[in-house]
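Numbering (UniProt numbering), first residue to last: 1 to 191.
Positions of the beta carbon are idealized from the N, C-alpha and C atoms, including for glycine.
Notes for the one structure printed next.
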Amino acid sequence: MGDIIHNINGLIRLKVDLFKESCEILGIKYKEADYNIKMNDPYFSGLIDSDGTIIFNYPGNRIECHLELKYNEYSSKLNLDDVIKNYKPSKLIKNRRLNNNKNTSSIRFSFQTVKGMIYLYHYFMKNRLYSDFKFYRVSKIKQFLEIRIFNKDPYESEEYLVYSEFLLNFITYLNPKGLTTPFVSKLRMKR
Numbered sequence: 001m002g003d004i005i006h007n008i009n010g011l012i013r014l015k016v017d018l019f020k021e022s023c024e025i026l027g028i029k030y031k032e033a034d035y036n037i038k039m040n041d042p043y044f045s046g047l048i049d050s051d052g053t054i055i056f057n058y059p060g061n062r063i064e065c066h067l068e069l070k071y072n073e074y075s076s077k078l079n080l081d082d083v084i085k086n087y088k089p090s091k092l093i094k095n096r097r098l099n100n101n102k103n104t105s106s107i108r109f110s111f112q113t114v115k116g117m118i119y120l121y122h123y124f125m126k127n128r129l130y131s132d133f134k135f136y137r138v139s140k141i142k143q144f145l146e147i148r149i150f151n152k153d154p155y156e157s158e159e160y161l162v163y164s165e166f167l168l169n170f171i172t173y174l175n176p177k178g179l180t181t182p183f184v185s186k187l188r189m190k191r
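The structure is reproduced here in structure tokens:
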């Protein structure tokens, strides 16, 4: 157990309190991690696997990546500005009131621009997600960039059909509730 703690010491960024406790029990001096995540660091990919989402934003006609974490002293230090070259996330701190009158806060990092989609694609092709569901979605970004302009074509056109079929495949892959997504009713399906 001590070998594992030695190997990951200086790498733990979010579950710090429990890790510090483990270090203390084993008599190991805790090393603080660097919260500035470096370019192409696979750490971000792991965060998306465990706590992230890859979604389609219908009004914005783009594929987005979001990471939402419990807001605390450690998650507030996390800096993802350099992890994807030429693409900085927007940050939002969300406060919510729970049913039991308690408050909870989260921090949300969002990669949500059309220009940044290709950088997102390249990052995840280099740092593969273990989630097949999420990897499938990011692997479709390059193809989507070629057809996203078809959303402006007439409903009865072949181009809009290609666009519709792409979105149906995107939203239903490993997602049994995909067809209940509100924008699906606006898509054209083969008869």
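DSSP places tyrosine 173 outside both helix and strand once states are collapsed to three, so it counts as coil. Taking the C-beta atoms as reference points, tyrosine 30 is found nearer than 8 Å to asparagine 9. Taking all protein chains shown into account, methionine 1 has fewer than 16 neighbouring C-beta atoms within 10 Å of its C-beta and is therefore exposed. Glutamate 24 and leucine 80 have their C-alpha atoms roughly 29 Å apart. Fewer than three beta-carbon pairs drawn from the segment 90-104 and the segment 137-157 are found closer than 8 Å, and the two stretches are therefore not classed as touching.
Counting only unbroken stretches of 3 or more residues, the beta strand (DSSP E) elements lying wholly within the segment 13-97 are 52-57, 62-70, 90-97, in sequence order. Residue range 132-139 is occupied by the alpha helix (DSSP H) that includes serine 139. Beta-bridge partners of threonine 104 (DSSP): Arg96. Taking every protein chain shown into account, the CB of lysine 142 has fewer than 16 other CB atoms within 10 angstroms, so this residue is exposed.
Using a 10 angstroms sphere on the CB of serine 185, the tally of other CB atoms stays under 16, which defines it as exposed.
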